[in-house]
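Structure record follows, encoded as structure tokens.
In this note's numbering, the protein residues as written are 33 to 251.
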């Protein structure tokens, strides 16, 4: 079990916003994460390249993740909660709002594995399903994911569970399930997803998915 976080800020796409985020906002966020009493184990900053099949690589679309477009991993859910409630994070929200279309909403998930190796891939692909209350939709999503991941593995797209994670949200008002897969290259992704067996296995996942995107995290 691991705690994996995504932040996908809805930033404006003008040059001033891009420059401000790069020179001021990102360094400030990194600093408050690093200096928090219970910091995440790993942090990743990347750019979203595709969203729901549309090429957005020319837009300023970021993803932050940590080993809990930021991604972060936390040792415990309470560490994430204390960071989000901290004065420093409230300051960051105030700083970023003039450059955003909406307030940043961190997404915390309880995933089956740590995301380090997934986020460390050349490309990270994310599938999200709105599951509502109860376990039915979450179970259906997991079963569809396992079928899809098995087909991907057989097609040579991954080696073991270390290149995929899945889990349900802990902090969102509307609960979500997430599946995340790491790809070594766009060529491998295209080849594997073009396989007839993978296409068939992916159908049961596609009918559930609400949102999907591909991000390239900086190494």
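Think of the CB as a built atom: it goes at the ideal place given N, C-alpha and C, for glycine as much as any other residue.
| task | From the DSSP output, in three-state form, read off residue 220 for me. | result | Along the chain shown, read from residue 1 onward, the residue named residue 220 stands at position 188. Note: residue 220 maps to helix in three-state DSSP.
| Relative to the C-alpha of residue 33, which residue among 190, 147 and 225 is closest? | Position 1 of the chain shown, counting from 1, holds the residue named residue 33. Residue 147 is the option with its Cα nearest to residue 33.
| Neighbourhood of residue 91 by C-beta, 6 angstroms cutoff - its chain only, sequence neighbours within 5 removed | Walking along the chain shown from the start, residue 91 turns up at place 59. Hits under 6 angstroms: 45.
| task | Whole angstroms is fine: what's the gap from residue 110's alpha carbon to residue 35's? | result | Position 78 of the chain shown, counting from 1, holds the residue named residue 110. Position 3 of the chain shown, counting from 1, holds the residue named residue 35. Each residue's alpha carbon lies about 10 angstroms from the other.
| Alpha-carbon spacing of residue 234 relative to residue 182, whole angstroms | As a first step, residue 234 must be located in the chain shown, where it is residue number 202. As a first step, residue 182 must be located in the chain shown, where it is residue number 150. Rounded to whole angstroms, residue 234 to residue 182 spans 10 angstroms at the Cα level.
| query | Which partner residues does residue 86 have in the DSSP bridge list? | reply | Stepping through the chain shown from its first residue, residue 86 is reached at position 54. DSSP, once it has assigned bridges, lists 83 as partnering residue 86.
| field | Residue of 186, 61, 161 and 217 minimising C-alpha distance to residue 84 | value | As a working note, residue 84 is residue 52 in the chain shown. With distances taken between Cα atoms, residue 84 lies closest to 161.
| message | In whole angstroms, give me the CA-to-CA distance for residue 199 and residue 120. | response | Locating residue 199 in the chain shown gives position 167, counting from the first residue. Locating residue 120 in the chain shown gives position 88, counting from the first residue. Residue 199 and residue 120: Cα-Cα distance of roughly 28 angstroms.
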